[in-house]
Amino acid sequence: MKHVIIGFFVILLAESGRLEAHAFLKDAHPAVGSTVQTPPNEVQIRFTEKIEPTLSRIQVFDASGKEVDKRDVHLDHFDGALLHVSLPRLGAGTYKVLWRVVSIDTHVTNGDFTFRCSRRCSSLLAP
Numbered sequence: 001m002k003h004v005i006i007g008f009f010v011i012l013l014a015e016s017g018r019l020e021a022h023a024f025l026k027d028a029h030p031a032v033g034s035t036v037q038t039p040p041n042e043v044q045i046r047f048t049e050k051i052e053p054t055l056s057r058i059q060v061f062d063a064s065g066k067e068v069d070k071r072d073v074h075l076d077h078f079d080g081a082l083l084h085v086s087l088p089r090l091g092a093g094t095y096k097v098l099w100r101v102v103s104i105d106t107h108v109t110n111g112d113f114t115f116r117c118s119r120r121c122s123s124l125l126a127p
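Counting from 1, one number per residue, gives the positions in the sequence shown under this note's numbering.
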């Protein structure tokens with residue numbers, strides 16, 4: 001009986017830990033703080049748990065503070081923890097990515113990171 005009670009509490013603690021989870025940035029493309037040689041056509045952010053896409057967003061800003069993404073944030077078709085936003089052809093410079101997500105358990109998290117397009121990005125803009 002003692003083992004049953006201990007087992008019950010172990011399961012209860014494990015479940016409550018999952019309920020208190022939040023969706024944090026797991027990885028991103030372009031990578032956090034990276035310098036890219038080729039302009040990316042989108043920003044992808046993978047989170048530590050599934051998110052609610054209709055309540056979540058990614059925004060990308062250039063160095064002047066102008067939003068440059070295409071405002072088409074969408075959840076990946078195969079991965080409920082992967083969010084995408086499309087980008088136009090970016091020139092050289094530093095870009096700031098702001099994100100705010102609501103996990104499927106309704107917890108809100110947010111953050112930001114930067115990435116840089118090298119001078120080579122601008123040379124690739126020419127036809």
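A virtual CB, placed ideally from N, CA and C, is assigned to each residue, including glycine.
Asked, Found
"Cβ neighbours of residue 21 in the same chain (closer than 6 Å, five flanking residues each side left out)", "49"
"Beta carbon of residue 60 nearer than 8 Å to that of residue 97", "yes"
"Simplified DSSP assignment, three categories, for residue 114", "strand"
"Cβ neighbours of residue 12 in the same chain (closer than 8 Å, five flanking residues each side left out)", "Because the pLDDT of residue 12 is 47, which lies under 50, any placement of that residue in the model is unreliable, and the number read from its coordinates should be weighed accordingly. Closer than 8 Å at the Cβ level, and outside the excluded window around residue 12, lies no residue."
"Reduced DSSP secondary structure (H/G/I, E/B, other) of residue 76", "coil"
"Strand pairing of residue 27, partner residues [DSSP]", "46"
"Residues near residue 110 in its chain [Cβ-Cβ closer than 8 Å; skip 5 each side]", "98, 99, 100, 101"
"Burial state of residue 69 (16 or more Cβ within 10 Å)", "buried"
"Run of the alpha helix (DSSP H) containing residue 123, from where it starts to where it stops", "119–123"
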